[in-house]
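> Residue numbers (my numbering): 419 to 506.
Beta carbons: idealized from backbone N, C-alpha and C, even for Gly.
Please read these numbers as outputs of a predicted model, since none were measured by experiment.
Sharing a structure with you now.
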Amino acid sequence: MLYPAKKVDLVPKSIRIVPEAKQGKGQAVNFVLAIGAIRQACRVQTTFRTKDEALSYFRKRRTEFERIARASLARGEIEDGVIELAML
Numbered sequence: 419m420l421y422p423a424k425k426v427d428l429v430p431k432s433i434r435i436v437p438e439a440k441q442g443k444g445q446a447v448n449f450v451l452a453i454g455a456i457r458q459a460c461r462v463q464t465t466f467r468t469k470d471e472a473l474s475y476f477r478k479r480r481t482e483f484e485r486i487a488r489a490s491l492a493r494g495e496i497e498d499g500v501i502e503l504a505m506l
């Protein structure tokens, strides 16, 4: 008797890859910024064509993006409940 294989998710739940950006250029990486008990959705728009490249770029610079996102939140720069960030 065959049993279905378990799906293994290698990407942490706090990171999501968006297939297409608003402008249709590159990939976007969504992540959640934790501020105490509050969670804030953030998106980093990249120029990379593949999600693997975008995710690798994001992982190398995650702390920088979190710092910038916190500053943007403090300034009230939120669009539709999401903090929009660009590549460094």
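Going by DSSP, what residue range makes up the alpha helix (DSSP H) through phenylalanine 483?
480 to 493
> In whole angstroms, what separates the C-alpha of valine 500 from that of arginine 477?
Their backbone Cα atoms lie some 19 Å apart in a straight line.
> Taking the beta carbon of arginine 461 as the centre, do at least 16 other beta carbons fall within 10 Å, making it buried, or is it exposed?
buried
> Per DSSP, what kind of secondary structure is alanine 455 in: helix, strand or coil?
Alanine 455: coil per DSSP, three-state reduction.
> Determine the closest residue to alanine 457 out of Leu491, Ala504, Leu503, with distance taken between C-alpha atoms.
Going by the sequence as given, residue 457 is arginine instead of alanine. Checking every option, the nearest Cα to that of arginine 457 belongs to Leu491.
> What's the gap between the Cα of glutamine 463 and the Cα of isoleucine 453?
22 Å
> Using the three-state DSSP reduction, which class does phenylalanine 476 fall into: helix, strand or coil?
Of the three classes helix, strand and coil, the one that applies to phenylalanine 476 here is helix, per DSSP.
> Pick out whichever of Gln445, Glu502, Val447, Asn448 has its Cα sitting closest to the Cα of isoleucine 486.
Glu502
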